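Report on one structure; see the data block that follows.
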Amino acid sequence: MMDYKIQLSTAQLKPPEEQRRRFEIECEFVQALANPHYVNFLAQRGFLKEQHFINYLKYLLYWKQPEYARTLKYLQCLHILECLQATIFVKHYRQGRMPSL
1 MMDYKIQLST AQLKPPEEQR RRFEIECEFV QALANPHYVN FLAQRGFLKE QHFINYLKYL
61 LYWKQPEYAR TLKYLQCLHI LECLQATIFV KHYRQGRMPS L
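With the UniProt record's numbering, you'll find the sequence shown wraps up at 101, consecutive numbering, no jumps.
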């Protein structure tokens, strides 16, 4: 498993347009996590069970760093992203129960 810091350093080698596009895509996805219906959709479709998706959520924790977090419009998405790291939180979503935040 690749550490997100390593991924970030290799991302710096890509052309600026590609870096900007990746930034925008990841920003949009992280902010979508602020919508509990979307998180429920991900759980119902089994994404929260897939190891590669769990690894992606861990990678996205870099958005908690101030230089990235300041670009977010829906800051509650960071709390949801953090909660998705907890097994019990994900287990509740998988069972169709909305966990308390």
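All C-beta atoms in this analysis are idealised placements derived from N, C-alpha and C, irrespective of residue type, glycine included. Because the structure is a prediction, the values reported are computed rather than measured.
Neighbourhood of residue i by C-beta, 7 Å cutoff - its chain only, sequence neighbours within 5 removed
i	result
Val90	Leu48 and Leu84
Lys73	Gln31
Cys77	Val30, Gln31, Leu33 and Ala34
Tyr68	Tyr62
Tyr38	Ala32
Contacts around residue i, its chain only, beta-carbon distance under 6 Å, and the 5 residues preceding and following it disregarded
i	result
Leu57	Leu84
Phe53	Phe47
Through-space distance from residue j to residue i, alpha-carbon basis
i	j	result
Arg20	Glu50	27 Å
Ala43	Trp63	21 Å
Arg22	Leu60	12 Å
Thr71	Leu81	16 Å
Lys14	Asn40	34 Å
Arg28	Glu18	Rather than Arg, the amino acid found at residue 28 in this sequence is Glu. Computed Cα separation, rounded: 15 Å.
Arg45	Leu75	25 Å
Pro36	Thr87	17 Å
Where are the alpha helix (DSSP H) runs, 4 residues long or more, that stay fully inside the region 24 to 57, in chain order?
36 to 44
Fully enclosed by the region 52 to 88, which beta strand (DSSP E) runs are 3 residues long or longer?
none
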